[in-house]
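**Q** My questions all concern the structure below.
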DNA sequence: TTAATTCCCACTTATTCAATAGGATTATAG
DNA sequence: CTATAATCCTATTGAATAAGTGGGAATTAA
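Protein chains in written order, with our numbering: chain A, 1460 to 1611; chain B, 1460 to 1611.
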């Protein structure tokens, strides 16, 4: 009886892949740069698409790039210093379910009288509460077998 | 520094309008059927679009329709019996952020080893926890002035 | 000097969102 | 009985977005 599924309330591949990328860098870190080609192979994601995702992580200082042969990317911090929320917000933008709540709320004609704004605000808080309290270190812990891929 | 905003994690107009529609029916209920034209005027939503949204609410038995002149729609239950989650799930489908968690999870190659599935599952739980614990009666309470519109 | 890599930007294809449009059916009021 | 007001049903549309592909320039290690 449920409606046919749309893309409502869904995370995009950009955000999911960014997380898998960061988790891959954390998992296979040796101190040497890791190339996107390696990440792409392990994660079964197009390397060209990863190339499009990583600049925002790079510009934000979440990773450091090393150009040229044997180059690649490295995390700049300890895995425990990255929350899932940081990474998602960078690649997906605001996680709020509507534009009138969240980081840069768009005000509407009747915000103080709007019962639904309260709903969206609570949803926003609940989502952020989750993603801001999980770090890459937690994800490393939750992986039972580091050699497998994470297909989500 | 945030990414340009997409539609990630957003509720669609369908779900938002369905909530406003149901809340309008609750707010202006007199026992007589309320026409979509009236709802559309009050909520400033296209009546033709509302016409497209209401069949699922009707088929699910959330509203009752009265055809012909002076016809319209009526809630079939007490406002306290409708949760925001019921209404959203009917019009938006599953609220899970990815397809591998939620009502009808699509299994993937490596679900038990997937650290990210745990993240999505927690997000899903958090969202549902909010929307399943707010009823139309709560929304009625939260409205300070019943004569205004709810523009969200 | 070659090969491997990041970097940058344009392009594409399919899907989805958010409506609009037209008309058939049903019932009420006069 | 007839005009009108409403639900019902299905098709179409235009714009935006998602999710990638493609080409090539710049940089660096071996």
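Ideal placement from N, C-alpha and C gives every residue a C-beta, glycine not left out.
Excluding the 5 residues flanking residue 1623 of chain A on each side, which residues of the same chain have their C-beta closer than 8 Å to its C-beta?
**A** In the structure as shown, chain A starts at 1460 and stops at 1611, and residue 1623 of chain A therefore has no counterpart that could be examined.
**Q** Please work out which residues of its chain come closer than 6 Å, Cβ to Cβ, to residue 1523 of chain B, disregarding the five sequence neighbours upstream and downstream, and give them in chain order.
**A** Cβ neighbours of residue 1523 of chain B beyond the five flanking positions: 1533, 1535.
**Q** If you reduce the DSSP assignment to three classes, tell me which class residue 1557 of chain B lands in.
**A** In this structure, residue 1557 of chain B counts as coil in the three-state DSSP scheme.
**Q** Answer yes if the stretch 1511–1527 of chain B comes into contact with the stretch 1466–1479 of chain B, meaning at least three C-beta pairs across the two stretches below 8 Å, and no otherwise.
**A** Touching, yes.
**Q** Are the stretch 1567–1582 of chain B and the stretch 1535–1546 of chain B touching, with three or more C-beta to C-beta distances below 8 Å?
**A** With a cut-off of 8 Å, the stretch 1535–1546 of chain B and the stretch 1567–1582 of chain B do not count as touching, because too few Cβ pairs lie within range.
**Q** Spell out whether any CB of chain A is found under 8 Å from the CB atom of residue 1475 of chain B.
**A** Yes, residue 1475 of chain B lies at the interface with chain A (some Cβ there is under 8 Å from its Cβ).
**Q** Residue 1542 of chain B touches chain A at which residues, Cβ-Cβ below 8 Å?
**A** The contacting residues do not exist; residue 1542 of chain B stays about 11 Å from chain A at best.
**Q** Using DSSP bridges, identify the partner residues of residue 1472 of chain A.
**A** None; residue 1472 of chain A has no bridge partner.
**Q** Return the chain-ordered list of same chain residues with a C-beta closer than 7 Å to the C-beta of residue 1519 of chain A, the five sequence neighbours on each side being excluded.
**A** Around residue 1519 of chain A: 1549.
**Q** State the beta-bridge partners of residue 1493 of chain A as determined by DSSP.
**A** Partner(s): A/1532.
**Q** Can you give me the C-alpha to C-alpha distance between residue 1595 of chain B and residue 1505 of chain A, rounded to a whole angstrom?
**A** Roughly 45 Å separates the two Cα atoms.
**Q** Taking the alpha-carbon of residue 1502 of chain B as reference, which of B/1558, B/1481, B/1593, B/1492 has the nearest alpha-carbon?
**A** Of the candidates B/1558, B/1481, B/1593, B/1492, the one whose C-alpha sits nearest the C-alpha of residue 1502 of chain B is B/1481.
**Q** Does the ligand GDP have a heavy atom nearer than 7 Å to the CB of residue 1490 of chain A?
**A** This structure simply doesn't include the ligand GDP, nor any ligand for that matter.
**Q** Examine chain B for any beta-carbon lying closer than 8 Å to the beta-carbon of residue 1551 of chain A, and answer yes or no.
**A** Yes - at least one Cβ of chain B is within 8 Å of the one on residue 1551 of chain A.
**Q** Buried or exposed, going by whether 16 or more other CB atoms sit within 10 Å of the CB of residue 1561 of chain B?
**A** Under this definition residue 1561 of chain B is a buried residue.
**Q** Starting from the Cα of residue 1521 of chain B, find the closest Cα among B/1557, B/1542, B/1585 and give me that residue.
**A** Residue B/1542 is the option with its Cα nearest to residue 1521 of chain B.
**Q** Less than 7 Å between C-beta atoms, sequence neighbours within five positions excluded: which residues of the same chain meet that for residue 1477 of chain A?
**A** Within the same chain, residue 1477 of chain A has close Cβ partners 1512, 1516, 1546, 1550.
**Q** Who pairs with residue 1523 of chain B in a beta bridge, going by DSSP?
**A** Paired residue(s): B/1533.
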